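Inspection log for the structure reproduced underneath, given as structure tokens.
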Amino acid sequence: MKDRIWLSLAHMGGREQEFIREAFETNWVVPLGPNVNAFEKSLRDFLIENGELKVENEDKCVVALSAGTAALHLGLILLGVGEGDEVICQSFTFSASANPIAYQGATPVFVDSEADTWNMDPVLLEEAIEDRLKKTGRLPKAIIPVHLYGMPGKMDEILEVADRYKIPVLEDSAEALGSEYKGRKCGTFGEYAALSFNGNKIITTSGGGALVCPCEERAKRALFYATQAREQAPHYQHEKIGYNYRMSNICAGIGRGQMFVLEEHVRRRREIHDLYVRLLEGVKGVNVMCQPGGGDFNSNYWLTCITVEPEKAGFTREDVRLALDADNIESRPLWKPMHLQPVFKDAPFYGNGTSERLFEVGLCLPSGPMLTDKDIERVVGGILDL
């Protein structure tokens, strides 16, 4: 049996153990401590200082949390989303983008994608807003666009619509750490933004996530809710419902170490994407998803994705997946759109068929930073043999 080629495995750079050891030696193993503070600062510095274009409002703060889902949930809470509200959400995404809406007793309103980036369609976004206003007499409370597979959405157009209707944006950047749109890092466009450090992401804390907040005051409010909403008192006083969402000092130590290899991981994933493009060039019916031209988009290519046109290729997406699996290679269909999920069958949807078609023909290929060129050649070989 050949060695397994996984879709996207975590990779430790070596510095992680140094910070974990320090946490144990100083007995800082709880959800606070030097690693948490330092990890939050390094994330903020990366988002704000390392882009080609610095963020206009440099007061942004980062709160390290137990998961990206927790970050989205707290973002909705801080935006005042509650029972009976509606929140517009990209349909073509993982369920974690939409589930927190339901946590708040609100209703997701799903919007389809445009074909260039596979992200929220700004035209359909405005159609959805206008139709919800007509049908409910109220504007949606928030908008959740997603940078799918690391590809930046068309944020200028999305934000223009959001600003015109004065609806705040909660940016789902779970897959987009290191990606840029017009020289500015993804995760800095929305009023709030969520990051993820799950084991398959660009960097990992073994789990974990973070909420990017517009200022220190909002970050303190997020921290309040993330630590069981304990009021300032000598005893345990609670006037709000709180959550146990804080990242531990141990996990943050892993994150501190991962920050040293973050840019290397992004660079390697981009190299892998370029290699797939070269090796699959000219293969009929097989198309590698690439960022739009013109220089505005700089994807981290968290996962390289392909679409398969059966009428041209002579085989289907599923044929590719099964052939790769038979060769001990992991691949995965693109996200099944949220409006097709049974749990959200009654939610409003504004679509054009883009995400449904992509789900039928799309596949994610192995893209982890430790994969070798030989590994990628083996993956491609499995496709060419069909």
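Going by my numbering, 184 is the number at position 180 of the sequence shown; the sequence numbering is gapless. Even glycine gets a Cβ: it sits at the ideal position worked out from N, Cα and C. Everything numeric in this text was worked out from a predicted model, so none of it was measured.
In the DSSP assignment, I333 falls outside any alpha helix (DSSP H), carrying neither H nor E. Distances from the alpha-carbon of N204 to those of L307, R260 and C255 put L307 closest. For F114, the enclosing beta strand (DSSP E) begins and ends at T111 to V115.
By the criterion of a C-beta distance shorter than 6 Å, V165 is surrounded in its chain by P126, L129 and E130, once the five residues flanking it on both sides are discounted. Under a 10 Å Cβ-count criterion, A237 is classified as exposed, with fewer than 16 other Cβ atoms of the shown protein chains found around its own Cβ. Residue nearest to P172 within the set G109, I162 and E179 is I162 (criterion: CA-CA distance). The Cβ atoms of T121 and K158 lie closer than 9 Å to each other. Rounded to whole angstroms, G109 and R325 show a C-alpha spacing of 37 Å. Comparing C-alpha distances from A198 to each of E268, V150, R168 and F228 shows the shortest one belongs to V150. In this structure, the CA atom of I133 is about 11 Å from the CA atom of F353.
L174 places its beta carbon 9 Å or farther from that of G191. Selection G366, L283 and Y196 evaluated against R336 yields G366 as nearest (Cα-Cα). Its chain contains G372 as the residues whose beta carbon lies nearer than 6 Å to that of L13, once the 5 sequence neighbours on both sides are disregarded; these appear in chain order. DSSP places T73 in the uninterrupted alpha helix (DSSP H) bounded by G72 to L82. Distances from the CA of G257 to each of M5, W10, E20 and K6 were compared; the closest alpha carbon is that of E20. Only residues of its own chain outside the window of five on either side were considered, and among them L69, S70, A74 and A230 have a CB closer than 6 Å to the CB of Y249, listed in chain order. Apart from sequence neighbours up to five positions away, the residues of its chain that approach D89 with a beta-carbon distance below 6 Å are A110 and K145, ordered along the chain.
N291 is positioned such that its CB atom lies closer than 9 Å to that of I310.
Taking L390 as the centre and dropping the five residues before and after it, the same chain places the C-beta of F319, D323, V324 and A327 closer than 7 Å to its C-beta, in chain order. In this structure, the beta-carbon distance from L266 to D377 does not fall below 9 Å. With a threshold of 16 other beta carbon atoms within 10 Å, Q241 falls short and is exposed. Sequence-distant partners of M263 (beyond 5 residues in either direction) whose C-beta falls short of 8 Å from its own C-beta, in its chain, are F43, S46, L47, F50 and I207. Partner residues in the beta bridge of K189, as assigned by DSSP, are E184. For the 9 Å CB-CB criterion, L76 and S99 do not form a contact. Assignment of alpha helix (DSSP H) within the region 199-283, counting only whole runs of 4 or more residues, yields 220-230 and 253-262 in chain order. With contacts defined as CB atoms closer than 9 Å, Y153 and E179 qualify as a contacting pair.
For Y107, the three-state secondary structure derived from DSSP is helix. Cβ contact annotation for I81 (same chain, cutoff 8 Å, sequence separation greater than five): Q108 and Y229, in chain order.
Contact between C294 and V281 holds: their C-beta atoms lie close to 7 Å from each other, under 8 Å. The C-beta distance from C255 to C65 rounds to 19 Å, too long to fall under 8 Å, and the pair is not in contact.
Annotated as proximal: A233 and E243, with beta-carbon spacing under 9 Å. Rounded to the nearest whole angstrom, the C-alpha separation of P156 and T97 is 13 Å. Excluding residues up to 5 positions away in sequence, Q241, H242 and E243 lie with their Cβ nearer than 7 Å to the Cβ of E235 in the same chain.
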